[in-house]
């Protein structure tokens, strides 16, 4: 990701805080939104961005995060429905050029794709890696038996 982008991250759990710390360290302007103030402790001491406490389902919270200025919106909460709703609002109402959302249920990826929202599905990603590992191991075993 290029530097000096304005990135809004929804959710400050393990994934959101990790992304916020990395993107901030790389020189991007980062705003993290979370309704639980305690999650901001996940941010590193050198995090130079902003914290917005509130429910991203409320337009006032998204306005406070200056979502209209954002180059990128990343929705990382544990709730697929929240991520989908905020991603849609970011794309359609605030006109954010790049919108990414974590989605746990692989069946929902198609819905996001129809709404022009890029997704990362940890379930699908992990399954693909496991299946590749099994296939590679099986190939090694076949190689040993010949």
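Numbering (UniProt numbering), first residue to last: 1 to 146.
For each residue, glycine too, the CB sits at the ideal point set by N, CA and C.
For residue i and residue j, I'd like the C-alpha separation in whole angstroms.
i, j, result
"residue 53", "residue 113", "29 Å"
"residue 132", "residue 125", "11 Å"
"residue 65", "residue 4", "16 Å"
"residue 103", "residue 122", "7 Å"
"residue 67", "residue 144", "56 Å"
"residue 45", "residue 20", "12 Å"
"residue 37", "residue 140", "49 Å"
"residue 22", "residue 15", "11 Å"
"residue 142", "residue 134", "12 Å"
"residue 39", "residue 110", "30 Å"
Suppose contacts are defined by Cβ-Cβ distances below 8 Å. Is residue i in contact with residue j by that definition?
i, j, result
"residue 119", "residue 10", "no"
"residue 50", "residue 31", "yes"
"residue 26", "residue 12", "no"
"residue 42", "residue 17", "yes"
"residue 149", "residue 127", "As shown, the chain starts at 1 and ends at 146. That puts residue 149 outside it, with no answer to give."
"residue 7", "residue 28", "yes"
"residue 147", "residue 98", "Here the chain has residues from 1 to 146 only, and residue 147 is not among them."
"residue 96", "residue 73", "yes"
Could you give the DSSP three-state label for residue i: helix, strand or coil?
i, result
"residue 77", "coil"
"residue 115", "coil"
"residue 67", "helix"
"residue 44", "coil"
"residue 143", "helix"
"residue 50", "strand"
"residue 101", "strand"
"residue 1", "The pLDDT assigned to residue 1 is 47, lower than 50, so where the model puts this residue is not dependable, and the model offers no usable value."
"residue 93", "coil"
Can you tell me whether residue i is buried or exposed, with buried defined as 16 or more other CB within 10 angstroms of its CB?
i, result
"residue 90", "buried"
"residue 94", "buried"
"residue 137", "exposed"
"residue 81", "exposed"
"residue 56", "buried"
"residue 70", "buried"
"residue 117", "buried"
I'd like the span of the beta strand (DSSP E) that includes residue i, first residue to last.
i, result
"residue 32", "29-34"
Just curious, the alpha helix (DSSP H) that residue i is in, first and last residue?
i, result
"residue 22", "14-25"
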